[in-house]
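Residue numbers (my numbering), protein chains in the order written: chain L, 9 to 357; chain F, 87 to 452.
Report on the structure given below.
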Amino acid sequence: MRALVAMSGGVDSSVAAALMRDAGHEVVGVTLKLWSGPHGEAPTAGCCTVSDAEDARRVAAQLDIPYYVLDYTDEFRGGVVDRFVADYASGRTPNPCIECNRTVKFDRLLNGLDDFDCEVLVTGHHARNRLEDGVWALRRGEDRAKDQSYVLSMLTQSELARIRLPVGELTKVAVRAVAAEIGLRTAAKPESMDICFVGQGDYRGFLRDIAPGAFAPGPLVDGDGEEIGQHLGIAGFTVGQRRGLGLALGEPRYVVRIEPSTSTVVLGVRDELSVAGVGLAQPTWTAGIPVTGRLMAQYRAHGEPVPATLHQDRLLFAEPQLAVAPGQTVAFYDDDRVLGGALIADTYR
Amino acid sequence: MRPGIWEAMRPYSEQVFGNSSGVHDVSRRAKNALEEARERIAAVIGSRPTEIVLTSGGTESDNLALKGAALSSTPRRGVVTVATEHEAVLETADFLHRLGLPTEVVGVDRGGAVDLDSLLEAVGPDTAVVSVMWVNNETGSVQDLPRIAATVRERDLEVLVHTDAVQAFSSQDIDVDALGVDLLTLTGHKFGGPKGAGLLYVREGTPLEPLLHGGGQEMGRRSGTHDVAGAVGLAAAMEAAAADRPRFRTEVGSIRDQFEKRVMAGMPDGVVNTPETMRSPHHLNLRFPGIRNQTLLMRLDRAGVAASAGSACQSGAAQVSHVLEGMGLTAGQARESVRFSFGWDSSFDQAIDAAEILLGLVEELR
């Protein structure tokens, strides 16, 4: 099989490429160039830095596979960065890494497979994708602590049929052992955490630079609508946030809601963060068939799944949940199998 | 490298390993080889040996020409150059601009020819140097350099004229006096010589601040221990390439033409970005409407055909070519364009095979 391996420069995708090659497939490695600064410089943090591309290039050379860097900066800006900014500007809490997977990485590479003369796309995600009774089943990774199935929850049958996730069958320890055994330079490389186009973890500074308009001042109000202070722009806030409110109040206060039309940030006590359910947008189903009824729902990348009931575009949690932010993705599970995913459009108490 | 070049260089890496600035016998032999190489180099371009500054290659020579002229002892500080220059010139001009020096970048027409009126308009009393590339590295567009140099000097005798002649050397006869330039960049690996060995021709009496200060080698214009083997290889390659020019122009030019004819015959909606006249014999820049160049390049590479898309960024991704944008193409059109280069060792069969592979891929990617 001819396999296109998306290589980020990390150990997981390096090992994914090695495993495919060793399984006898013809492997082509690619790294996506997604973002550059005002002077064309590559990011210095996250998953797509120059040194990452260099690591990927060296691993590809070591594996003796062809390797290319593909430029998708326009697609990334339009599909991920502009959306990230727009979401914050309208009071939502976006997940740019999921948007990137959805609109750039999987979309561009899957659509390009024929052009690249490859049959499958391979990534280093910790999740399992297997053909079970004629259906591609996406399941949590072998290493439950490193599982990344949440960020893949928007994939559909036609996409899963052309995706292979060899690393998901291994624990992270085993992945590093494979890397060490074949002497890959990325064997002991630490994992990246930052948002790649923001860097240094300062997304507020990034937003201020790129979208100064999202920083119109507005009121901070309490649950009764009484103004208790001013803020410098709603893009600086996310639901559930406690720090950096610029207030000294007796009881800890949290951002419980953001009202973009009036640039209002509503504060409240911890109990007021409690959410009974969420409204959903853009639901997708891994098996292609909409699911309803009782299931497990996970609304954070590293959160625990919680019992919930799905009815059309509404998800009701069995127990109230704290700090569920509009704009985030919710993934649906049956045990370790991903049923699908959706965006949280709004929350209700 | 061309045949015989490595053999000529080899003794100076293996045996005559002396520092050409030393006072002992091995050093004298190294120094002798260096100066003999310099004389041979000078003879090829019609200059004096003392006008040759040996450098590490084209990028250094371009940097030395622009920075050296703008920061020299004369009061003139300005740089005028062209939108389609190599990054080694454009980025240097941008650096000087950031230092606060006056910098002008002039546009070109659809064929890549610089607009002489705009160029003259940009030249002012503060202009230290005008830099115009002779043959463009991405499209093969040839500038009428003798006319440009003469016109600029006619306007203002004190303005220095620099040309990046890196892509011109293999096809254009070079006599620096006939050309009328003060500064000229060459590098060895573009005509079958070693990588890392280049030169800047500096007309006698040209005020130039060095980039590298130190022991004062190269008559104070470029300090640092000499790469004697590189200089010997550069000289040998220049002699071989200059002698090969008549064949290069006709034979490589004909190979390129056959490639172009075959590809365009099989691709009616293809676009030739390289101008029809004023073109070098060994470049061809083509646009494949509807096909993204990075995809085509990947497929060509897998099929054993090496081509490129203008320039690559630090990460290796293909960038939108500033040369094609300068010639009026949109970013989208530039992303559909691929540059094919032919060399002294290209063969007719190779080129026709490559054309067939290319046409097959174009068909498939449509």
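Here a beta-carbon is modelled for each residue, glycine too, at the ideal position from N, C-alpha and C.
(message) Less than 7 angstroms between C-beta atoms, sequence neighbours within five positions excluded: which residues of the same chain meet that for residue 323 of chain L?
(response) 285, 286, 288, 305, 316, 338
(message) Just to confirm before moving on: does the CB-CB distance between residue 326 of chain F and residue 278 of chain F stay below 8 angstroms?
(response) yes
(request) Grab me the residues of residue 167 of chain L's own chain with a C-beta within less than 8 angstroms of its C-beta, minus the 5 sequence neighbours each way, in chain order. (result) 114, 118
(request) Would you mind telling me which residues of chain F sit closer than 7 angstroms to residue 358 of chain L, beta carbon to beta carbon, in chain order? (result) Nothing about residue 358 of chain L can be read from this structure; chain L reaches only from 9 to 357.
(message) Output needed in chain order: residues of the region 75-98 of chain L with a Cβ under 7 angstroms from some Cβ in chain F.
(response) 76, 77, 78, 79
(message) Which residues in chain F have a C-beta closer than 9 angstroms to the C-beta of residue 170 of chain L? List them in chain order.
(response) Within 9 angstroms Cβ-Cβ: nothing; residue 170 of chain L doesn't reach chain F, min ~17 angstroms.
(message) For residue 186 of chain F and residue 150 of chain F, I'd like the C-alpha separation in whole angstroms.
(response) 18 angstroms
(request) Could you tell me which chain L residues have their CB closer than 7 angstroms to the CB of residue 404 of chain F, listed as they occur along the chain? (result) 79
(message) Measuring only the C-alpha atoms, how far is residue 197 of chain F from residue 361 of chain F?
(response) 5 angstroms
(message) Between residue 282 of chain F and the ligand MG, is there a pair consisting of the residue's CB and a ligand heavy atom that are separated by less than 7 angstroms?
(response) The ligand MG is absent from the structure shown, which contains no ligands of any kind.
(message) Checking the sheet assignment: what are the DSSP bridge partners for residue 329 of chain L?
(response) L/283
(request) Please report how far the alpha carbon of residue 237 of chain L lies from the alpha carbon of residue 328 of chain L, in whole angstroms. (result) 29 angstroms
(message) Rounded to the nearest angstrom, what separates residue 186 of chain L and residue 169 of chain L at their Cα positions?
(response) 26 angstroms
(request) Along the beta strand (DSSP E) that carries residue 297 of chain F, what are the first and last residues, could you check? (result) Looking at the DSSP string, residue 297 of chain F is not in any beta strand (DSSP E), and its letter there is neither H nor E.
(request) Please report how far the alpha carbon of residue 231 of chain F lies from the alpha carbon of residue 352 of chain F, in whole angstroms. (result) 35 angstroms
(message) Helix, strand or coil for residue 92 of chain F? Go by DSSP, reduced to three states.
(response) helix
(request) Evaluate contact between the region 335-345 of chain F and the region 121-138 of chain F, counting only Cβ atoms and requiring at least three cross-stretch pairs below 8 angstroms. (result) no
(message) Short of 9 angstroms Cβ to Cβ, which residues in the region 378-393 of chain F face chain L?
(response) 378, 380, 381, 382, 383, 384, 385, 387, 388
(message) Strictly under 8 angstroms for the Cβ-Cβ distance: is residue 451 of chain F near chain L by that measure?
(response) yes
(request) Measure the C-alpha to C-alpha separation of residue 211 of chain L and residue 235 of chain L and round it to an integer number of angstroms. (result) 27 angstroms
(message) Measuring only the C-alpha atoms, how far is residue 263 of chain F from residue 132 of chain F?
(response) 7 angstroms
(message) Short of 7 angstroms Cβ to Cβ, which residues in the region 15-29 of chain L face chain F?
(response) none
(message) Counting only beta-carbon separations shorter than 8 angstroms, does residue 295 of chain L have a partner in chain F?
(response) no
(request) Would you mind listing the alpha helix (DSSP H) stretches within the region 244-305 of chain F that are 4+ residues and don't spill past its ends, in chain order? (result) 262-265
(request) Below 8 angstroms CB to CB, which residues in the same chain sit around residue 326 of chain L once its five sequence neighbours on both sides are set aside? (result) 314, 315, 316, 317
(message) So with CB distances below 7 angstroms, who are the chain F contacts of residue 113 of chain L?
(response) Result: empty, since nearest Cβ-Cβ is about 15 angstroms, beyond 7 angstroms.
(message) Applying the 10 Å Cβ sphere with the 16-neighbour rule, what's the burial state of residue 336 of chain F?
(response) exposed
(message) Please list, in chain order, the chain F residues whose beta carbon lies closer than 7 angstroms to that of residue 223 of chain L.
(response) Correct list: empty, because the minimum Cβ distance to chain F is about 29 angstroms.
(message) Just verifying my parser: in three-state terms, what is the DSSP assignment at residue 217 of chain F?
(response) strand
(message) With the cut-off set at 8 angstroms, would you say residue 260 of chain L and residue 239 of chain L are in Cβ contact?
(response) no
(request) With a 10 Å radius around its C-beta and 16 neighbouring C-beta atoms as the bar for buried, classify residue 80 of chain L as buried or exposed. (result) buried
(message) I'd like the ranges of any alpha helix (DSSP H) spanning at least 4 consecutive residues and lying wholly in the region 181-262 of chain L.
(response) 211-218
(message) Could you check whether the region 36-43 of chain L touches the region 129-137 of chain L, counting it as contact only if at least three pairs of C-beta atoms, one from each stretch, sit closer than 8 angstroms?
(response) no
(message) Let me make sure I understand the geometry here. Which of F/354, F/369, F/331 has the alpha-carbon closest to that of residue 341 of chain F?
(response) F/369
(message) Could you check whether residue 219 of chain L and residue 64 of chain L sit closer than 8 angstroms to each other, using their CB atoms as the reference points?
(response) no
(message) Can you tell me where the alpha helix (DSSP H) holding residue 4 of chain L begins and where it ends?
(response) Since the displayed chain L opens at 9 and closes at 357, residue 4 of chain L lies outside it and no answer follows.
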